[in-house]
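*Asks:*
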Amino acid sequence: MSQPVVQLRDIRKTYRNGDLEVHAVRGISLDIQPGEFVAIMGASGSGKSTLMNTLGCLDRPTSGSYHLDGVDVSGLDREARADLRNQKLGFVFQGFNLLARTSALENVELPMLYAPQRPARAAMKSRALAALAIVGLADRSDHLPSQLSGGQQQRVAIARALVNQPRLLLADEPTGNLDSRTSIEVMGVFQSLNEQGITLVMVTHELDVASYCKRILVVRDGLVVRDEPVANRLIASEQLAKLRSAESAAKLTSVAP
Amino acid sequence: MRLIATTVIALRALRRNKLRSALTALGIIIGVAAVIAMVGIGNGAKSQVEAQVASLGRNVVTVFPGSFSSGGARGGWGSASTLTVEDTEAIAREVAGVVSISPEVRDRNQVLANGLNWNTQIIGESPDFLSIRAWDIDSGTMFSDADVRSAAKVCVLGSTVAKQLFPDVDPAGQILRVRNIPFVIRGVLKSKGFNFFGQDQDDTVVVPYTTHMRRINRRTTVSSIMIEASAPEAMQRIQDDISALLLQRHAVREADFTVRNQLELAQTATATTRVMTSLLGAIAGVSLLVGGIGIMNIMLVSVTERTREIGIRLAIGAHDRDIRVQFLIEAMVLSSLGGIIGVLLGIGISQSLSVLNGWPVLVSTNAILLAVGFSAIVGVLFGFYPAHKAAQLDPIEALRFE
Numbered sequence: 001m002s003q004p005v006v007q008l009r010d011i012r013k014t015y016r017n018g019d020l021e022v023h024a025v026r027g028i029s030l031d032i033q034p035g036e037f038v039a040i041m042g043a044s045g046s047g048k049s050t051l052m053n054t055l056g057c058l059d060r061p062t063s064g065s066y067h068l069d070g071v072d073v074s075g076l077d078r079e080a081r082a083d084l085r086n087q088k089l090g091f092v093f094q095g096f097n098l099l100a101r102t103s104a105l106e107n108v109e110l111p112m113l114y115a116p117q118r119p120a121r122a123a124m125k126s127r128a129l130a131a132l133a134i135v136g137l138a139d140r141s142d143h144l145p146s147q148l149s150g151g152q153q154q155r156v157a158i159a160r161a162l163v164n165q166p167r168l169l170l171a172d173e174p175t176g177n178l179d180s181r182t183s184i185e186v187m188g189v190f191q192s193l194n195e196q197g198i199t200l201v202m203v204t205h206e207l208d209v210a211s212y213c214k215r216i217l218v219v220r221d222g223l224v225v226r227d228e229p230v231a232n233r234l235i236a237s238e239q240l241a242k243l244r245s246a247e248s249a250a251k252l253t254s255v256a257p
Numbered sequence: 001m002r003l004i005a006t007t008v009i010a011l012r013a014l015r016r017n018k019l020r021s022a023l024t025a026l027g028i029i030i031g032v033a034a035v036i037a038m039v040g041i042g043n044g045a046k047s048q049v050e051a052q053v054a055s056l057g058r059n060v061v062t063v064f065p066g067s068f069s070s071g072g073a074r075g076g077w078g079s080a081s082t083l084t085v086e087d088t089e090a091i092a093r094e095v096a097g098v099v100s101i102s103p104e105v106r107d108r109n110q111v112l113a114n115g116l117n118w119n120t121q122i123i124g125e126s127p128d129f130l131s132i133r134a135w136d137i138d139s140g141t142m143f144s145d146a147d148v149r150s151a152a153k154v155c156v157l158g159s160t161v162a163k164q165l166f167p168d169v170d171p172a173g174q175i176l177r178v179r180n181i182p183f184v185i186r187g188v189l190k191s192k193g194f195n196f197f198g199q200d201q202d203d204t205v206v207v208p209y210t211t212h213m214r215r216i217n218r219r220t221t222v223s224s225i226m227i228e229a230s231a232p233e234a235m236q237r238i239q240d241d242i243s244a245l246l247l248q249r250h251a252v253r254e255a256d257f258t259v260r261n262q263l264e265l266a267q268t269a270t271a272t273t274r275v276m277t278s279l280l281g282a283i284a285g286v287s288l289l290v291g292g293i294g295i296m297n298i299m300l301v302s303v304t305e306r307t308r309e310i311g312i313r314l315a316i317g318a319h320d321r322d323i324r325v326q327f328l329i330e331a332m333v334l335s336s337l338g339g340i341i342g343v344l345l346g347i348g349i350s351q352s353l354s355v356l357n358g359w360p361v362l363v364s365t366n367a368i369l370l371a372v373g374f375s376a377i378v379g380v381l382f383g384f385y386p387a388h389k390a391a392q393l394d395p396i397e398a399l400r401f402e
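Protein chains in written order, with my numbering: chain A, 1 to 257; chain B, 1 to 402.
1) In chain B, which residues lie less than 9 Å from Glu173 of chain A when you measure between Cβ atoms?
2) Determine whether the Cβ of Asn17 of chain B lies closer than 9 Å to any Cβ atom of chain A.
3) Tell me which residues share the same chain as Ala391 of chain B and place their Cβ nearer than 6 Å to its Cβ, disregarding the 5 neighbours each side in the sequence.
4) Of all the beta strand (DSSP E) runs that stay within the bounds of the region 61-130 of chain A, which reach a length of 3 or more residues?
5) Below 7 Å CB to CB, which residues in the same chain sit around Ile123 of chain B once its five sequence neighbours on both sides are set aside?
6) Report all residues from its chain with a CB closer than 7 Å to the CB of Arg74 of chain B; omit the five preceding and five following residues, and keep chain order.
7) Determine, using beta-carbon pairs with one atom in the region 48-60 of chain B and one in the region 371-379 of chain B, whether at least three such pairs fall under 8 Å.
8) Which residue wins for smallest C-alpha separation from Ala39 of chain A, given the options A:Met187, A:Gly197, A:Ala249 and A:Glu195?
9) So Leu169 of chain A packs on Ile198 of chain A, CB below 8 Å; how close in whole Å?
10) Are the CB atoms of Gly338 of chain B and Ala34 of chain B nearer to each other than 9 Å?
11) Indicate whether at least one CB of chain B lies closer than 9 Å to the CB of Glu79 of chain A.
12) So, helix, strand or coil for His212 of chain B, using DSSP?
13) Go through the region 178-209 of chain A residue by residue and report every complete run of the alpha helix (DSSP H) that reaches 4 residues or more, in order.
14) My understanding is that Leu76 of chain A touches Leu89 of chain A, with C-beta atoms under 8 Å, so please give their C-beta distance in whole angstroms.
15) Roughly how many angstroms lie between the CA atoms of Ser103 of chain A and Asp142 of chain A, to the nearest whole one?
16) Could you tell me whether any Cβ in chain A is nearer than 9 Å to the Cβ of Glu330 of chain B?
17) On a Cα-Cα basis, can you pick out the residue from B:Ala92, B:Leu116, B:Val252 and B:Thr272 that is closest to Gln164 of chain B?
18) If I measure Cβ to Cβ from Asp227 of chain A and keep anything under 6 Å in the same chain, skipping five residues before and after, which residues do I get?
19) How is the alpha helix (DSSP H) around Phe129 of chain B delimited, first residue to last?
20) For Ser55 of chain B and Lys192 of chain B, which I take to be in contact (beta-carbon distance under 8 Å), what is that distance rounded to the nearest angstrom?
21) Could you check where the alpha helix (DSSP H) with Lys46 of chain B kicks off and where it finishes?
22) Taking only beta-carbon positions, decide if Gln87 of chain A is within less than 9 Å of chain B.
23) If you measure from the beta carbon of Glu195 of chain A to each beta carbon in chain B, is any gap under 9 Å?
24) For Gln236 of chain B, is the classification buried or exposed, using 16 other Cβ atoms within 10 angstroms of its Cβ as the cut-off for buried?
25) Per the contact definition of three or more C-beta pairs closer than 8 Å, is the region 89-102 of chain B in contact with the region 235-251 of chain B?
26) Tell me which same chain residues have a C-beta within less than 8 Å of the C-beta of Gly27 of chain A, skipping the five on either side of it?
27) With Val53 of chain B and Ala231 of chain B assumed to form a contact (beta carbons below 8 Å), what rounded beta-carbon distance in angstroms separates them?
28) Looking at the C-beta of Tyr114 of chain A, does it have a partner C-beta in chain B at a distance below 9 Å?
29) Is the CB of Leu99 of chain A under 9 Å away from at least one CB in chain B?
30) Starting from the beta carbon of Glu410 of chain B, find every residue of chain A whose beta carbon is closer than 9 Å, and list them in chain order.
31) Can the beta-carbon of Leu162 of chain A be found closer than 9 Å to that of Leu193 of chain A?
32) Using the Cα positions of Asn119 of chain B and Arg108 of chain B, report the straight-line distance between them to the nearest angstrom.
33) Excluding the 5 residues preceding and the 5 following Gly311 of chain B in the sequence, name in chain order all residues of the same chain whose CB lies nearer than 6 Å to its CB.
34) For Leu58 of chain A, go through chain B and note every residue whose CB falls closer than 7 Å to its CB, in chain order.
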């Protein structure tokens with residue numbers, strides 16, 4: 001079996017709030033293999049955000065070890081973690097988090113500007129355009145975020161996360177600000193990326209969104225309480241087709257006298 | 001090159017917020033323009049005063065007679081008749097470093113020529129007078145040493161007198177009458193304008209001092225002696241030498257004359273304008289400082305406003321240093337751009353002031369360098385704190401920031 005992308009061993013995170021100690025994560029061990037598509041679910045305060053921040057190298061665990069792509073990253077300093085985020089991780093956020101008044105192309109170029117080895121200008125542009133093409137927005141590269149719909153903005157954010165060819169794509173409630181139809185579209189983008197071999201981890205609290213993944217982790221009180229494969233996996237393209245036929249049926253009935 | 005990437009990022013950030021960038025730079029623009037215009041006006045005033053002082057002559061030492069007293073009533077400076085032509089000759093002979101020398105005799109008289117008359121000042125001088133007063137002949141020639149020796153009835157006219165008496169004829173070669181004595185007009189002096197005290201220096205007729213003393217007012221003493229020193233540094237020594245020589249010649253213990261130099265006058269006059277220049281510069285400097293604080297203010301607001309943006313940048317791999325350098329570059333670009341525009345605006349204001357108001361304005365390179373240098377320093381100094389603050393943000397909290 002190949003080396004896991006993520007290997008967590010007894011990860012703990014304790015926040016100190018005055019005299020009060022808050023145990024956000026209380027000993028999570030976890031392996032994620034290449035090509036997996038994992039949904040992390042849990043109520044607010046369950047520790048799923050802390051787990052996600054740890055996976056994303058935004059936060060350091062209080063104790064335990066974290067191997068990302070075979071490298072121990074739990075003890076790295078701020079700068080090394082920044083390089084790691086840039087090279088091995090891609091982030092998609094709930095609120096899209098694109099730079100305002102900045103074209104889609106420049107938004108996608110941003111991670112390359114912070115890369116330890118910055119590509120040449122032309123290479124940056126062609127890579128950014130390729131990433132936009134993957135999410136189906138090659139023709140919108142010069143649009144500003146304000147000129148794009150929510151789903152399109154999120155796809156630009158996905159292109160930005162992909163542009164440095166990360167080992168792991170992390171999505172924090174990526175459909176939280178989207179309507180159900182756009183949510184399915186975005187999940188469709190994730191599913192096709194996953195089919196191309198990209199490893200994905202996503203936080204969500206919606207079960208039907210999690211159903212598009214392959215594996216569901218349920219976190220409660222800082223522990224993984226359930227870890228199982230998705231039983232009835234939804235396929236985004238099928239769901240969209242269903243939605244379309246339902247819509248046209250509704251139209252037919254409304255048009256009929 | 002990470003620095004190039006960061007510069008690109010900073011420039012993109014500035015371009016995204018054109019209005020905010022322009023308003024931020026405005027503080028520096030006004031500050032720098034004010035410094036340059038204010039110092040320009042001050043320097044212009046100073047140079048005008050200096051030019052007026054210089055029009056009195058170069059390195060000039062003047063000897064005045066002392067005061068006259070009779071029966072307890074004391075006259076003012078110059079009231080005594082103690083200086084003679086022989087004193088003048090002795091100074092020329094015995095004091096080193098004297099380039100030119102001229103005794104001066106003054107009088108006011110009615111003059112007639114060309115069927116017109118005019119009341120003016122008639123001064124008796126030697127031909128050295130032109131060199132001492134840094135004056136030139138406009139047309140014709142100056143009278144010569146031979147004219148002085150023979151007490152010739154010749155004269156040169158100041159331009160005001162020439163204009164009054166010969167509105168449309170060239171005065172050279174014409175006859176001017178003083179006390180009914182005919183004088184041949186040799187030439188006309190260049191116009192020198194008003195002096196420091198508001199007197200028209202061109203309202204004068206110059207004749208050889210011998211002629212003046214023998215033919216016009218028949219006196220044996222001179223009103224003053226003007227000496228041109230070889231260099232400004234020699235003036236003090238020449239003054240001392242003249243004092244010693246005259247004390248000896250007049251055989252008196254206490255001086256019955258005064259020796260003055262023109263530097264003293266120049267210093268008093270320029271001191272005033274120098275104070276004015278520094279004052280204007282200081283006021284403008286304060287506005288530059290306020291502009292700098294404006295930059296810091298906007299940058300601080302901008303750090304708060306862009307917390308989320310900073311969070312995104314940190315999350316996708318920006319180092320603390322990248323954020324710090326980005327904000328520093330933004331501040332520096334704003335302040336130096338403001339500096340450059342400010343220089344152009346300052347020069348523009350200076351030029352239009354001098355054209356519209358007729359003020360003499362001198363834009364000095366020093367003021368430009370000072371203002372631009374200061375604005376660049378302001379950028380770094382006042383950009384540093386906001387930049388540092390931005391770099392210290394925690395990416396998780398910055399991303400959560402609404």
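Beta carbons are placed, not taken as given, at the ideal position from N, Cα and C, and that holds for glycine.
*Replies:* Quick answer:
1) Within 9 Å Cβ-Cβ: nothing; Glu173 of chain A doesn't reach chain B, min ~12 Å.
2) Asn17 of chain B has a beta carbon lying within less than 9 Å of a beta carbon in chain A.
3) So the list reads Asp320, Ile323 and Arg324, once near-sequence residues are dropped.
4) If we require 3 residues or more, the beta strand (DSSP E) runs fully inside the region 61-130 of chain A come out as 63-68 and 89-92.
5) Within the same chain, Glu104, Val105, Arg106, Thr204 and Val206 come within 7 Å of Ile123 of chain B by CB-CB distance, once the 5 residues on both sides are set aside.
6) The residues are Ser67.
7) No, the region 48-60 of chain B does not touch the region 371-379 of chain B.
8) Looking from the CA of Ala39 of chain A, the closest CA among A:Met187, A:Gly197, A:Ala249 and A:Glu195 belongs to A:Met187.
9) The Cβ separation is near 6 Å, so the contact holds.
10) No; because the gap between Cβ atoms is not below 9 Å, this pair is not in contact.
11) So, interface residue.
12) Reduced to three states, the DSSP call for His212 of chain B is helix.
13) Listed in chain order, they are 180-195.
14) Rounded, the Cβ-Cβ distance is 13 Å, inconsistent with contact.
15) Looking at the two C-alpha atoms, the distance is approximately 5 Å.
16) Answer no: the Cβ-Cβ gap between Glu330 of chain B and chain A never drops below 9 Å.
17) Of the residues B:Ala92, B:Leu116, B:Val252 and B:Thr272, the one whose Cα lies closest to the Cα of Gln164 of chain B is B:Leu116.
18) Same-chain partners within the cutoff: Leu217.
19) Going by DSSP, Phe129 of chain B is part of the alpha helix (DSSP H) stretching over Phe129 to Ile132.
20) About 6 Å; that satisfies the 8 Å criterion.
21) For Lys46 of chain B, the uninterrupted alpha helix (DSSP H) run begins and ends at Lys18 to Ala54, by DSSP.
22) Residue-level contact check: Gln87 of chain A touches chain B, since one or more beta carbons of chain B fall below 9 Å from its beta carbon.
23) No - not a single Cβ of chain B is within 9 Å of the one on Glu195 of chain A.
24) Flag for Gln236 of chain B reads exposed.
25) Counting Cβ pairs under 8 Å, three or more are found: they touch.
26) Asp10, Ile11, Arg12, Gly64, Gly222 and Leu223, listed in sequence order.
27) Going by Cβ atoms, the distance from Val53 of chain B to Ala231 of chain B rounds to 17 Å, so no, they are not a contact pair.
28) The beta-carbon of Tyr114 of chain A is placed less than 9 Å from the nearest beta-carbon of chain B.
29) Nearest CB-CB separation between Leu99 of chain A and chain B: below the 9 Å threshold.
30) Because chain B is modelled from 1 through 402, residue 410 of chain B falls outside the range shown and cannot be assessed.
31) Result yes, Cβ atoms of Leu162 of chain A and Leu193 of chain A sit closer than 9 Å.
32) Between Asn119 of chain B and Arg108 of chain B, the C-alpha separation is close to 7 Å.
33) Around Gly311 of chain B: Pro395, Ala398 and Leu399.
34) For Leu58 of chain A, the residues of chain B that pass the 7 Å Cβ criterion are Ala315, Pro395 and Ile396, in the order they occur in the chain.
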